[in-house]
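Asks: First the structure, which I've put down as structure tokens, then a few questions once you've had a look.
In the UniProt record's numbering, the protein residues as written are 1 to 146.
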């Protein structure tokens, strides 16, 4: 029965594979794209690849995503992830573009501050996360299932 295969693989400690160029972590596949895009165009690019801009739900996932950007760029460049409050007029309800629970952020001190209508999330604001105008140009990190 093919529906038993994934469970059997996981029980035996075998990691399911990600598509070429993607990196496995915590049950999901991640990829960095250094093309400079707006948040909306970056999200569209991730959707074309079968995913979304990356969400993270723990310090370990956040650190992993930061290290992916460092490996790709040789530094920690600002990069889009899926956090946004574009649909919330009060600027207080953030969500992930992949629909997962918004349960961990790692905002920098005083962030998000919505300075000038900042509705999209970047990582690598120092060691932290910052809100930025969605039309800014950034590289980005996508996430998808295996």
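All C-beta atoms, glycine included, are put in the ideal place defined by N, C-alpha and C.
Throw me the rounded Cβ distance for the residue 119 and residue 86 pair, which I believe falls under 8 angstroms.
Replies: 4 angstroms
Asks: Shortest alpha-carbon distance to residue 135 belongs to which of 57, 117, 125?
Replies: Sorting 57, 117, 125 by C-alpha distance to the C-alpha of residue 135 places 117 at the top.
Asks: Would residue 51 be called buried (16 or more neighbouring beta carbons within 10 Å of its own) or exposed?
Replies: buried
Asks: DSSP state of residue 38, grouped into three classes?
Replies: coil
Asks: Sorted by chain position, which residues of the same chain lie with C-beta nearer than 8 angstroms to residue 111's C-beta, five sequence neighbours on each side aside?
Replies: The beta carbon of residue 111 sits closer than 8 angstroms to those of 125, 128, 129, 130, 131, all from its chain and outside the five residues before and after it, given in chain order.
Asks: Mark residue 24 as exposed unless 16 or more other C-beta atoms lie within 10 angstroms of its C-beta, in which case mark it buried.
Replies: exposed
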